[in-house]
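Colleague:
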Amino acid sequence: MTTLSPPRGEHGALLTIDLAALAANWRLLKQRAGSAECAAVVKADAYGIGIAQAVPALWRAGCRCFFVAHLSEARMVRAAAPEAVVYVLNGFPPGAGPAYHAIDARPVLGSLDEIAEWRTVGGPAALHLDTGMNRLGLSSDEFARALAGGAFDGFTPSLLMSHFVSAEEADSPINPRQIAAFAAFRQALANVPASLCNCSSLFLPEPPLHDLVRPGYALYGGNPTPGRPSPMQPVVRLEAMVMQVREVEPGDTIGYNAQWTARRVTRIATLSIGYADGWLRSQSASDDHAGGVTLLDGQPCPFAGRVSMDLITVDVTDLAEGAVKRGDMAVLLGDGITVDDVGRRANTNGYEILTDLGRRFARHYIGG
C-alpha cells in the first residue's frame, strides 16, 4: 500500500483507491469492445483518482491509448506512459502546435480554423464530428465545405470521432440518429479509423464499436447502465473520522442557519470532512429535506444539518448507545454506497462526485 501526503492521521478522512479494480473494469470493457481497441479517458486527473497512478495501472492492463481534456493533462499521461497514444479532447488552442509536438500529443480538431492551422504544423490528429451534441466538432455543412475546399489534401485524420448525447438512456431516440449521422460522415473518409462508443454505449443492444471505444466513467466504478445493476467494480472508498459524539435536546438545531431541528433526544456524530474536501454542500439535510447518508457501525445514518466547509454532522440516535465513538471511521463511499448513490442524494451525478474528490485527505492506493 502506498500513502500520499498528507499522511494518515494528519487529516480526518481517508480515500482508498483500488487500482486492481480499475484495471479489472478496463478489461471488462475491453471484452465488450470485441476486436475494437479499448482506450481510456483519464481527463480531470483520471476522474479524481490521479493520472500518475491510474495510467500506469491501465497500461499494465493493456491500454495503449488515452484521452484527456487539456494539454497539461497530456503531459502527465506522457510522463506516466512514454509510449502511449494521447489525444486531447478540448481541441487545438491557437499557436499550440510546438507544445503538442514536444510531447507527441494529438489534438482533437473540431473546427475549420483548427484544421487549417494544424495542416501547417503536421502530424496525427483526430477529427471531431458533431452528430447532435452541438458543443464541439464540425457540423455536416462544415464537413462538406472542408471536403470541397481541400482541407484534407495532405492531411488525413488519424481518427474520426463523435460524442453521444444520451447513451446511458438505451431507448433514447437520439442514439440511432447519432449513429446514422456518424455513419454518413464516415462514408467520405472510409479508410480512417473511427470512434463513437463511450462506456454506456458499449451496453446498447447493438453497440457501434467501430475501430476504437473510449470508456471513462465506468472505469472508475460508475454505473454505465442506470436503472440496472452495475457491472463495474467499485474503485474508490471514502471514510471520515468521528471527532465527537454529543447529545442534543428536542428543539435544538444543528449546524449553520438552524436548518435541521432535533425532534427527540438526539445523538449527533461530527465527521472530519466537508465541502472543502469535495463532499458537496448540496448533500445538506434540513427539516424538510433528506440529505446525504453515511455508514456507521455498518448502519446507514442520515446527515443532520448543513454540510460545512470542514465538518459534517450525522444523526446516530438509532444506533446502540456506545456503538459510535471518537476515532471511529464513517463510510461515505463504499460498502454498498456507490458514487451514483451519492450523486443522486446531492442532486447531481457520480461524475461530479468523483471529480470533486478533494486533495486534503490522505489517499491510499492499493492493488497497484
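Here the sequence shown stands for residues -5 to 362, where the numbers follow my numbering. We put the beta carbon where it would ideally sit given N, CA and C, even for glycine.
In this structure, what does DSSP give as the bridge partners for V79?
Modeller: Paired residue(s): C59.
Colleague: Which residues mark the beginning and the end of the alpha helix (DSSP H) in which H95 is found?
Modeller: Unbroken alpha helix (DSSP H) run through H95: G91 to A96.
Colleague: What are the partner residues of R21, as DSSP defines its beta bridges?
Modeller: Answer is none; R21 lacks a bridge partner.
Colleague: Here's a check: name, in chain order, each residue in its chain whose Cβ is nearer than 7 Å to the Cβ of L203, leaving out the five neighbours to either side.
Modeller: Excluding positions up to five away in sequence, the list reads A27, G28, A30 and C191.
Colleague: Identify whether Q238 lies in helix, strand or coil by the three-state DSSP scheme.
Modeller: Note: Q238 maps to strand in three-state DSSP.
Colleague: Just tell me which of G245, V287, T125 and P76 has its CA closest to the CA of D335.
Modeller: Looking at the Cα atoms, V287 is the closest of the given residues.
Colleague: For P209, I'd like the list of residues in its chain whose CB is within less than 6 Å of its CB, leaving aside the five on either flank, ordered along the chain.
Modeller: If we look at P209 and ignore the five residues flanking it on each side, its Cβ neighbours are L23 and C193.
Colleague: DSSP on R257, reduced to helix/strand/coil?
Modeller: DSSP places R257 in coil when its eight states are reduced to three.
Colleague: Which partner residues of A145 appear in the DSSP bridge assignment?
Modeller: Answer by DSSP bridge pairing: none, since A145 is not bridged.
Colleague: If you measure between the beta carbons of P187 and L132, is that distance less than 8 Å?
Modeller: No. Outside cutoff.
Colleague: Just to confirm the assignment, what range does the beta strand (DSSP E) spanning Q293 have?
Modeller: Taken as a continuous stretch (DSSP letters only), the beta strand (DSSP E) holding Q293 covers Q293 to P296.
Colleague: Identify whether D12 lies in helix, strand or coil by the three-state DSSP scheme.
Modeller: Three-state result, D12: strand.
Colleague: Using CA coordinates, which residue listed in A138, Y345, N185 and M226 is at the minimum distance from W20?
Modeller: With distances taken between Cα atoms, W20 lies closest to M226.
Colleague: Per DSSP, what are the beta-bridge partners of T219 in this structure?
Modeller: Beta-bridge pairing links T219 to no other residue.
Colleague: In angstroms with no decimal places, state the Cα-to-Cα distance between E143 and A270.
Modeller: It is worth fixing the name first, because residue 143 is Gly in this sequence and not Glu. Straight-line Cα distance between these residues: approximately 51 Å.
Colleague: Pick out whichever of A68, I306, P228 and L232 has its Cα sitting closest to the Cα of W254.
Modeller: Measuring from the Cα of W254, the nearest candidate turns out to be I306.
Colleague: For I267 and I248, which I take to be in contact (beta-carbon distance under 8 Å), what is that distance rounded to the nearest angstrom?
Modeller: Their Cβ separation, rounded to whole angstroms, is 16 Å, which puts I267 and I248 out of contact at 8 Å.
Colleague: Determine the DSSP secondary structure at T349, reduced to helix, strand or coil.
Modeller: Helix at T349.
Colleague: So for I364, helix, strand or coil by DSSP?
Modeller: Outside the shown range of the chain (-5 to 362) lies residue 364, about which nothing can therefore be said.
Colleague: Comparing alpha-carbon positions, which option in A356, V207 and E67 lies nearest Q25?
Modeller: With distances taken between Cα atoms, Q25 lies closest to V207.
Colleague: What separation, rounded to the nearest whole angstrom, lies between the Cα atoms of M(-5) and A324?
Modeller: Bear in mind that the predicted position of M(-5) carries a pLDDT of just 34, short of 50, making it unreliable; the figure below should be weighed with that in mind. For M(-5) and A324, the distance between alpha carbons rounds to 21 Å.
Colleague: Just verifying my parser: in three-state terms, what is the DSSP assignment at P170?
Modeller: Three-state result, P170: helix.
Colleague: Spatial neighbours of G299 within its chain, please: C-beta separation below 8 Å, excluding the five flanking residues on both sides.
Modeller: Taken in chain order, the residues that qualify are T247, I248, G249, Y250, Q253, W254, S278, A279, S280 and T307.
Colleague: Can you tell me whether N217 is buried or exposed? The criterion is at least 16 other CB atoms within 10 Å of its CB, across all chains shown.
Modeller: By the neighbour-count rule (16 or more Cβ atoms within 10 Å), N217 is buried.
Colleague: Candidates G330, D291 and A15: which alpha carbon is nearest G316's?
Modeller: Here the closest residue by C-alpha is D291.
Colleague: Got a sec? Which residues, its chain only, sit under 6 Å from G285 by beta carbon, not counting five neighbours each side?
Modeller: So the qualifying residues of the chain are Q277, S278, A279 and F297.
Colleague: Do the region 102 to 110 and the region 68 to 79 touch if we need at least three Cβ pairs shorter than 8 Å?
Modeller: Flag = no, the region 102 to 110 and the region 68 to 79 do not touch.
Colleague: Report the partner residues of A188 according to the DSSP bridge assignment.
Modeller: Note: A188 sits in a beta bridge opposite L154.
Colleague: Looking only at DSSP bridge pairs, what is D309 linked to?
Modeller: I262, per the DSSP bridge assignment.
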